[in-house]
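Colleague:
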Amino acid sequence: MLDPVIFELHKTGRAAEHLPAPETPEEEILASIPERMRRRLPLRLAEVPELELARHYERLARRNHHVEKDFYPLGSCTMKYNPKVHERIASLPEFAALHPMLPETLAQGAIRLLGSMEEALAAVTGMDAFTLQPAAGAHGEFTGLSLVEAYFRKKGEDRRKVILPDSAHGTNPASVRRLSLEPVEVRSDERGEVSIDALAALVDEGTAALMLTLPNTLGLFESHLPRIVEIVHGAGAQLYLDGANLNALLGIVRPGDIGFDVMHANVHKTFSTPHGGGGPGAGPVGVKEHLRPFLPTPRPVREGDRWTWKHDFPDSIGPVHSYYGNFAVLVRAYAYIRHLGAPGLREVTEHAILGANYLRSLVEKSYPVPYRRAAMHEFVASAARFFQAANIRAMDIGKRLLDFGFYAPTISFPLIVKEALMIEPTETESRETIERFAEAMLAIAKEIEEDPERVRGAPYHTPVRRVNESLASRRPQLVWEDGADGEGAPSRG
Amino acid sequence: MSYIPHNVEDREKMLRSIGVSSVEDLLREIPRSLRFEGTLPLPPPLSQMETERELAGIAAENGAALACDSFLGGGVYDHYVPALVGATAARPEFYSAYTPYQAEVSQGTLQVIFEFQSLISRLTGMPLVNASLYDGATALVEAIWMASGERSGRSEILIARALRPSYRGVLCSHLAVSGLRLREFPFGKEGTTDLSRLKQMVSSETAAVVVESPNVFGLLEETEEAGRIAHEAGALFIQVFDPVSLAIVRTPAEAGADIAVGEGQSLGSPPNFGGPLLGLFAARAEFLRRMPGRLSGMTEDAKGARAFTLTLQTREQHIRREKATSNICTNQGLVALAAAVHLSSLGPVGLRRAALLSQERALELRKLLRESGAAFPFDGPFFREFVVRFPEESLERGLVRHLLDHRVIPGIPLEKAYPEMRGCLLVAVTEKRSRESIRRYADLVRDFADARGKGAPPDA
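Chains A and B supply the protein sequences, listed in that same order.
Each residue of the first sequence is one higher than the one before, starting from 1 at the first, in this note's numbering.
Each residue of the second sequence is one higher than the one before, starting from 1001 at the first, in this note's numbering.
(1) Do F95(A) and F1273(B) have their CB atoms nearer than 8 Å?
(2) What did DSSP end up calling I89(A) once you bin it into helix, strand or coil?
(3) Select from A1064(B), L1288(B), G1153(B), M1146(B) the residue whose C-alpha is nearest the C-alpha of F1203(B).
(4) Let me know if L2(A) comes out buried or exposed under the rule of 16 or more other beta-carbons within 10 Å of its beta-carbon.
(5) By the 10 Å Cβ neighbour count, where 16 or more other Cβ atoms means buried, how is T426(A) classified, buried or exposed?
(6) Determine whether the Cβ of E1104(B) lies closer than 8 Å to any Cβ atom of chain A.
(7) Out of curiosity, what's the CA-to-CA distance linking A381(A) and M422(A)?
(8) Output needed for R63(A): all residues of its chain with C-beta closer than 6 Å, excluding positions within five of it in sequence on either side, in chain order.
(9) With DSSP as the reference, label G493(A) as helix, strand or coil.
(10) Compare the C-alpha of T1099(B) against each of H268(A), D305(A), L250(A) and name the closest.
(11) Would you report the Cα separation of G1333(B) and R1446(B), rounded to the nearest angstrom?
(12) Within the continuous beta strand (DSSP E) that includes E1156(B), where are the two ends?
(13) Could you have a look at A496(A) and say whether DSSP puts it in helix, strand or coil?
(14) Do the CB positions of G1125(B) and T1251(B) come within less than 8 Å of each other?
(15) With I163(A) as the anchor, note down where its beta strand (DSSP E) starts and where it stops.
(16) Under 8 Å, Cβ to Cβ, is there at least one residue of chain B near P34(A)?
(17) From which residue to which residue does the alpha helix (DSSP H) around D189(A) run?
(18) Evaluate contact between the segment 298 to 308 of chain A and the segment 148 to 168 of chain A, counting only Cβ atoms and requiring at least three cross-stretch pairs below 8 Å.
(19) Answer with buried or exposed for S470(A), where buried requires no fewer than 16 other C-beta atoms within 10 angstroms of its C-beta.
(20) So what's D1025(B) in DSSP terms, helix, strand or just coil?
(21) Beta carbons nearer than 8 Å to chain B: which residues of the segment 387 to 419 of chain A have them?
(22) Taking A352(A) as part of the alpha helix (DSSP H), name the residues at either end of that continuous run.
(23) For E1254(B), which residues from the same chain have a beta carbon less than 7 Å from its beta carbon, with the 5 sequence-adjacent residues on both sides left out?
(24) Can you list, in chain order, the residues of its chain whose CB lies under 7 Å from that of F406(A), leaving out five sequence neighbours each side?
(25) What is the rounded straight-line gap between the Cα of E429(A) and the Cα of L241(A)?
(26) What are the uninterrupted segments assigned as alpha helix (DSSP H) that are 4 or more residues long and contained completely in the segment 1090 to 1136 of chain B, given in chain order?
(27) In the DSSP output, which residue or residues are listed as bridge partners for P319(A)?
(28) Roughly how many angstroms lie between the CA atoms of I1004(B) and I1412(B), to the nearest whole one?
(29) To be precise: take each residue of the segment 207 to 239 of chain A, compare its Cβ to all Cβ atoms of chain B, and keep it if any distance is under 9 Å. Which residues remain?
(30) Out of A1097(B), T1192(B), K1013(B), state which residue places its alpha-carbon closest to the alpha-carbon of L1337(B).
(31) To the nearest angstrom, how far is it from the Cα of D485(A) to the Cα of V1240(B)?
(32) Going along the chain, which residues of its own chain have a beta-carbon closer than 7 Å to the beta-carbon of G1268(B), five neighbours each way excluded?
(33) Mind checking which residues open and close the beta strand (DSSP E) that includes C1424(B)?
(34) Since H264(A) sits in a beta bridge, which residues does DSSP pair it with?
(35) Beta strand (DSSP E) containing M1298(B): first to last residue?
(36) Using a C-beta cutoff of 8 Å, does D1010(B) count as contacting chain A?
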């Protein structure tokens, strides 16, 4: 049975009465707005009574995979459990109902929380200062690179080149472009790390930064990091950390201590805030002392026993968000850090690493892992042998996993592994869940040998069968179009 | 063992399977010289109960704000949100889901986003809407990027000085090294864009003209005329809109906007101290392949049943890398969900009531304040928000402090952003402000002024 689109539930004249009618006659209110400035276009929103609406979203909710339903092995995305208590804390009216332009005296708790969060992130990462404004990881990348750009501009140095490993997240080169800087790729060596020779050949006095993910997107630690730091700093360039994989470093490595000048943290990954079906996230940026003057404004500053917003930083790049970033997300992350403290954060990382290596040990006979080293919190397996033998792609395996009730791993990334399956269990998945997932992976491997068609046609037990993505992009239909009756019949342009 | 599900036996079994004797063995990959030896300098951990108590204590420091009647707006508004909105956004099926890359098990999120796109399209009249961006300000950055790509060869962006200052700040930070030249055109004595100055400034160098309506002062702009001026010079017209106003005010489409962006927080989300917000982004149909961000499209599954999927991903960074239309990877999915539920809960009648009630209350407060001795620098048509100027001597004697002491937050001072507007406050009134609170605001202003006549402050 097809679930209706909201406009198919519409019947004129049956919307719920959430608000009273104004006491003043409508025409009198509208008289304050000249005719030519008024809306003429009919306002065709759906009119659906509340119970019908509640059922509509109930139906849609059931068609979603989510963390509380089952495991998300998505590498680099760190889909861990989001503690319920965070939702309760973030929805306290003393947080949720606060207007951002309140006089400081009425928002002391909120400003203090932001200031304390900056301090906590600095403690965890070894950076000297943080800004919480960036609203997402990629926004953090843009902000961090802006700081680097401003730093060199202030020094009067013209450095345009930003070096990125060939295994980098796609956001990295896209963010570099946003600064009108020039992305340059450095290749990985046979151990899956940045090639030191290739890097040394690329870095010069025109280099602004090297953007590194640590552990990298293959789940490997860059063991030559001291040499990398030497090369980058030796040329006067900056070392940027893409903190997407910070879950593997808590309490074990502090980026600020080992040569990184600037980094972003994906709060929605490492610090366990919900992904919300795509957002909101938060991407705070941390810097070492020399980049501090360039941080976005305003900044929360402690003056005696009260907190205040300070705007006056002459070298600042200025604000990157309308207000102070995704406050409600940061409240959840702060609660997480307060609850876990130093020992808890370290346990997170130890168990993330343990889980990843355990899962790898269970599946690697069937799904070879090209770099034979201990994984950090994730590992990248390859389905290339299935592609060669049976024309089965990593994506087909991912789709078949959906039938087992799991989400698919990150597939076809990083680009340097053929038919990549990037898998990250996170520390919150039990041994039993990891084993159940491994069994599914092995069952699919067997199935490919016995009945590859079965795998190629997957999924079978999902709310819809395999979705035709090429049709969607060939004939894009991004909004509901009304039929001639005006009541919302589907049509395709 | 917070949120970690393994016991000692589990760990032993896992380590055995891996073939190591301890987690420490797995950390050998990390050179010793890079290891952090010691304990992170954080306060001691707390139990869940203690965490909640501590955070509630921090929240309580903001408690006095909740006891006030707030007339703050300036981009974030306190509108009524039906209970179904919060209840739906609080479902783990929505909040704990990931970006819907695997369409077959993400139909809920994908259909909600499709419905969000459709609803915003109907609200704005614009045919093309994306799945949301971070906030209104960064949505405007994306609009300018898209416009400059569309009008490549033109390097100038003309921006109304009556665009809210937080947006102008974000534009400067994001476009400082873009090679684009940002120039401001002034507002006139009426507080709205000086169209004759705009006409003089626009040229064959202009890629886009940006006007906000209602503008920073709450005033409705002559958007249609501004759009015509932009188009005559071959530039694109970008309108910044307020979604609630569109229930009664001319849409960006009717004004001829090429791109329309706005802040969607007022559709179903609490103020949250300014975040998360909701960047709305809409455009004319021909910009389809230049759009930033995510798009949910309607298609079919292998059996021909209706299905939804993220589409046109070749625009996006995970496919196109440095050639992507934008670096944006996440959207504000959950906030967009709240907006979709909000618009569908209120329906056209409810949204219109929210707009009319806000306008009714704003008109009433303006009238009462006038009777209490306040002045108004601008007389033009406005929506929900207006600028008031209090007598200099009242301000010097601490009128604002007096109002705060009586738990009225009277508005946002404009002087910092507009030095010529000394003593002016931006006052926003939504349907949630009661008649009594409006009356009390005006009474406090009048009593304070009267007390001066008697030679003493009213509390003395």
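All C-beta atoms, glycine included, are put in the ideal place defined by N, C-alpha and C.
Modeller: Considering the structure as presented:
(1) Here residue 95(A) refers to the residue found at position 95 of the first sequence. Here residue 1273(B) refers to the residue found at position 273 of the second sequence. A contact, by the Cβ cut-off of 8 Å.
(2) The count along the first sequence starts at 1 and reaches residue 89(A) at position 89. Of the three classes helix, strand and coil, the one that applies to I89(A) here is helix, per DSSP.
(3) The residue given as residue 1203(B) occupies position 203 in the second sequence. Looking at the sequence provided, one finds Ser at residue 1203(B) rather than Phe. Of the listed residues, the one whose Cα sits closest to S1203(B) is G1153(B).
(4) Locating residue 2(A) in the first sequence gives position 2, where the first residue counts as 1. The residue in question, L2(A), is exposed, as its Cβ has fewer than 16 Cβ neighbours within 10 Å.
(5) Taking the first residue of the first sequence as 1, we reach residue 426(A) at position 426. So T426(A) counts as buried.
(6) For this step, residue 1104(B) is matched to residue 104 along the second sequence. True, the Cβ-Cβ gap to chain A drops below 8 Å.
(7) If you number the first sequence from 1, residue 381(A) lands on position 381. If you number the first sequence from 1, residue 422(A) lands on position 422. A381(A) and M422(A): Cα-Cα distance of roughly 6 Å.
(8) Residue 63(A) sits at position 63 when you count from the first residue of the first sequence. Within the same chain, R63(A) has close Cβ partners P463.
(9) As a position in the first sequence, residue 493(A) is number 493, starting the count at 1. Interpretation of G493(A) is limited by its pLDDT of 32, a score under 50 that renders its predicted location unreliable; no figure is taken from the coordinates.
(10) Here residue 1099(B) is taken as the residue at index 99 of the second sequence, counted from 1. The candidate whose alpha carbon is nearest that of T1099(B) is H268(A).
(11) As a first step, residue 1333(B) must be located in the second sequence, where it is residue number 333. As a first step, residue 1446(B) must be located in the second sequence, where it is residue number 446. Using only the alpha carbons, I get a separation of about 46 Å.
(12) Within the second sequence, residue 1156(B) is the residue found at index 156, counting from 1. Taken as a continuous stretch (DSSP letters only), the beta strand (DSSP E) holding E1156(B) covers 1156 to 1160.
(13) Past the edges of chain A, shown from 1 to 493, lies residue 496(A), and the structure says nothing about it.
(14) Translated into positions along the second sequence, residue 1125(B) becomes position 125. Translated into positions along the second sequence, residue 1251(B) becomes position 251. Taking 8 Å as the cut-off, the beta carbon of G1125(B) is found closer than this to the beta carbon of T1251(B).
(15) Taking the first sequence and counting its residues from 1, one reaches residue 163(A) at position 163. Where I163(A) is concerned, the enclosing beta strand (DSSP E) starts and stops at 161 to 165.
(16) Position 34 of the first sequence holds residue 34(A). Closer than 8 Å: yes.
(17) For this step, residue 189(A) is matched to residue 189 along the first sequence. In this chain, D189(A) is not harboured by any alpha helix (DSSP H), its DSSP state being neither H nor E.
(18) no
(19) As a working mapping, residue 470(A) is identified with position 470 in the first sequence. By the 10 Å Cβ count, S470(A) comes out exposed.
(20) Numbered from its first residue, the second sequence carries residue 1025(B) at position 25. Assignment of D1025(B) by DSSP, reduced to helix, strand and coil, places it in the helix class.
(21) G398, K399, L402, Y407, A408, F413
(22) Here residue 352(A) is taken as the residue at index 352 of the first sequence, counted from 1. First-last of the alpha helix (DSSP H) with A352(A): 327 to 363.
(23) Looking up residue 1254(B) in the second sequence gives position 254. Closer than 7 Å at Cβ, skipping near neighbours: G1125.
(24) One-based indexing of the first sequence puts residue 406(A) at position 406. Within the same chain, F406(A) has close Cβ partners D70, F71, P73, F437, A440.
(25) On the first sequence, residue 429(A) is found 429 positions in, with the first residue counted as 1. On the first sequence, residue 241(A) is found 241 positions in, with the first residue counted as 1. If I take the Cα positions, the gap works out to 27 Å.
(26) 1092 to 1095, 1107 to 1124
(27) By 1-based counting over the first sequence, the position of residue 319(A) is 319. Answer is none; P319(A) lacks a bridge partner.
(28) Along the second sequence, one-based indexing puts residue 1004(B) at 4. Along the second sequence, one-based indexing puts residue 1412(B) at 412. So the two alpha carbons sit approximately 46 Å from each other.
(29) P215, L220, F221, S223, H224, L225, P226
(30) For this step, residue 1337(B) is matched to residue 337 along the second sequence. Among A1097(B), T1192(B), K1013(B), the Cα nearest to that of L1337(B) is on A1097(B).
(31) Working through the first sequence from its first residue, we reach residue 485(A) at position 485. Working through the second sequence from its first residue, we reach residue 1240(B) at position 240. For D485(A), the predicted model reports a pLDDT of 37, less than 50, meaning its position is unreliable; a value from the coordinates is still stated below. Computed Cα separation, rounded: 32 Å.
(32) Taking the first residue of the second sequence as 1, we reach residue 1268(B) at position 268. Here the set comprises V1081, V1085, A1338, A1339, V1341, H1342.
(33) On the second sequence, residue 1424(B) is found 424 positions in, with the first residue counted as 1. That run of the beta strand (DSSP E) goes 1424 to 1428.
(34) Within the first sequence, numbered from 1, the residue matching residue 264(A) stands at position 264. Answer is D242(A), V285(A).
(35) Your numbering for residue 1298(B) matches position 298 in the second sequence. Its beta strand (DSSP E) spans residues 1296 to 1300.
(36) Mapped onto the second sequence, residue 1010(B) falls at position 10. Chain A contact via Cβ: present.
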